[in-house]
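Asks: There's a structure below that I have some questions on.
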Amino acid sequence: MDMKSFSLEGKIALVTGASYGIGFAIASAYAEAGAKIVFNDINQELVDKGMAAYKEAGIEARGYVCDVTNEEQVQNLIATIEKEVGVIDILVNNAGIIKRIPMHEMSAEEFRKVIDVDLNAPFIMAKAVIPSMIKKGHGKIINICSMMSELGRETVSAYAAAKGGLKMLTRNICSEYGEYNIQCNGIGPGYIATPQTAPLREKQADGSRHPFDQFIIAKTPAARWGTPEDLQGPAVFLASDASNFVNGHVLYVDGGILAYIGKQP
Numbered sequence: 030m031d032m033k034s035f036s037l038e039g040k041i042a043l044v045t046g047a048s049y050g051i052g053f054a055i056a057s058a059y060a061e062a063g064a065k066i067v068f069n070d071i072n073q074e075l076v077d078k079g080m081a082a083y084k085e086a087g088i089e090a091r092g093y094v095c096d097v098t099n100e101e102q103v104q105n106l107i108a109t110i111e112k113e114v115g116v117i118d119i120l121v122n123n124a125g126i127i128k129r130i131p132m133h134e135m136s137a138e139e140f141r142k143v144i145d146v147d148l149n150a151p152f153i154m155a156k157a158v159i160p161s162m163i164k165k166g167h168g169k170i171i172n173i174c175s176m177m178s179e180l181g182r183e184t185v186s187a188y189a190a191a192k193g194g195l196k197m198l199t200r201n202i203c204s205e206y207g208e209y210n211i212q213c214n215g216i217g218p219g220y221i222a223t224p225q226t227a228p229l230r231e232k233q234a235d236g237s238r239h240p241f242d243q244f245i246i247a248k249t250p251a252a253r254w255g256t257p258e259d260l261q262g263p264a265v266f267l268a269s270d271a272s273n274f275v276n277g278h279v280l281y282v283d284g285g286i287l288a289y290i291g292k293q294p
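The numbers in this note's numbering rise by one with no breaks, and the one at position 111 of the sequence shown is 140.
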């Protein structure tokens with residue numbers, strides 16, 4: 030086996046919403062594998078935050094302000110990147126939001142907002158990069174899905190609907206553009222330890238685990254939360270030539286949650 034097939038040397042990778050968290054971890058792994066990194070975020074403050082983080086990590090990156098739900102902005106972003114950096118080889122649709130609201134209390138506007146960011150935006154982004162990928166003769170599109178692409182849970186109706194739709198968009202991009210040597214796959218993270226989830230992992234006053242932390246540990250065969258670094262290997266694999274015959278697949282990086290019914294009470 031040629032291990033060079035895992036290299037991203039000379040590739041251009043665009044990771045949306047990659048100023049911090051999972052997107053930053055994936056972009057950092059791509060840089061280590063040899064790719065040139067470009068990313069976007071919703072405002073200049075977040076882009077500046079990302080640029081500072083990449084600089085501190087010793088990574089050369091270019092950051093752009095772009096609302097991924099705005100088709101005109103996205104088209105302008107892709108044109109600018111192609112002019113300033115080159116044709117995008119790897120697109121990671123990482124930008125996303127979640128609103129934890131019981132469905133009967135959620136407004137239609139709130140529901141639409143989640144769908145817009147988590148499902149419509151990956152469609153808009155993929156649509157923008159595919160023509161140049163066809164011309165170049167190859168391309169990788171990686172959608173950050175979720176365990177909620179498969180499961181439901183209280184208060185996340187919009188998120189689950191969007192991520193379920195994103196799973197099917199992933200399969201359809203594979204179906205429609207596989208003949209052009211474009212592979213579209215998804216990554217479905219489990220519960221990942223990030224600053225955003227830190228409050229759910231704080232020790233209680235009596236030294237016990239947070240109830241939600243207990244719930245996750247009990248439901249995960251690996252008996253721990255994932256880390257952003259746990260997603261790096263799968264992300265590099267799906268972006269590299271090593272996965273050229275893997276298409277329309279969602280790789281769940283969840284410590285085994287989806288395979289596990291849970292312990293008997």
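All C-beta atoms in this analysis are idealised placements derived from N, C-alpha and C, irrespective of residue type, glycine included.
(1) GLY166 to ALA234, Cα distance in whole Å?
(2) What are the boundary residues of the alpha helix (DSSP H) that VAL279 is part of?
(3) Which runs of the alpha helix (DSSP H) fall wholly inside the segment 115 to 160 and span at least 4 residues, in chain order?
(4) Beta-carbon within less than 7 Å of GLN261's beta-carbon, same chain only, minus the 5 sequence neighbours each way: which residues are those?
(5) For LYS33, does the three-state DSSP call read helix, strand or coil?
(6) Following the continuous beta strand (DSSP E) through CYS95, name the residue where it begins and the one where it ends.
(7) For a minimum of 3 consecutive residues, which ranges assigned as the beta strand (DSSP E) are wholly contained in the segment 207 to 282?
(8) Output yes or no for whether 8 Å exceeds the beta carbon distance between ILE110 and LEU37.
(9) Below 7 Å CB to CB, which residues in the same chain sit around ILE71 once its five sequence neighbours on both sides are set aside?
(10) Based on the DSSP output, what are the partners of LEU43 in its beta bridges?
(11) Starting from the Cα of SER34, find the closest Cα among ALA288, ALA189, HIS278, VAL265 and give me that residue.
(12) State the CB to CB distance for the pair ILE171 and ALA268, rounded to an integer number of angstroms; the pair is presumed to be in contact (CB under 8 Å).
Replies: Considering the structure as presented:
(1) Counting from 1 along the sequence shown, the entry for residue 166 is found at position 137. Counting from 1 along the sequence shown, the entry for residue 234 is found at position 205. The straight-line gap from Cα to Cα measures roughly 58 Å.
(2) Locating residue 279 in the sequence shown gives position 250, counting from the first residue. Note, VAL279: premise wrong, no alpha helix (DSSP H); beta strand (DSSP E) at 279 to 282.
(3) 137 to 144
(4) Counting from 1 along the sequence shown, the entry for residue 261 is found at position 232. Closer than 7 Å at the Cβ level, and outside the excluded window around GLN261, lie ALA54, ILE55, ALA58.
(5) Taking the sequence shown and counting its residues from 1, one reaches residue 33 at position 4. In this structure, LYS33 counts as helix in the three-state DSSP scheme.
(6) Residue mapping note: residue 95 aligns to position 66 of the sequence shown, counting from 1. From DSSP, CYS95 is part of no beta strand (DSSP E); its letter is neither H nor E.
(7) 211 to 218, 279 to 282
(8) Residue numbering aside, residue 110 sits at position 81 when the sequence shown is read from its first letter. Residue numbering aside, residue 37 sits at position 8 when the sequence shown is read from its first letter. Cβ atoms of ILE110 and LEU37: not closer than 8 Å.
(9) On the sequence shown, position 42 is the one that residue 71 refers to. Result list for ILE71: ASP96, in chain order.
(10) For this step, residue 43 is matched to residue 14 along the sequence shown. VAL67, LEU120, per the DSSP bridge assignment.
(11) Along the sequence shown, one-based indexing puts residue 34 at 5. Nearest of ALA288, ALA189, HIS278, VAL265 to SER34, Cα basis: VAL265.
(12) Start at 1 with the first residue of the sequence shown, and residue 171 comes out as number 142. Start at 1 with the first residue of the sequence shown, and residue 268 comes out as number 239. The pair is a contact, with the Cβ atoms about 6 Å apart (cut-off 8 Å).
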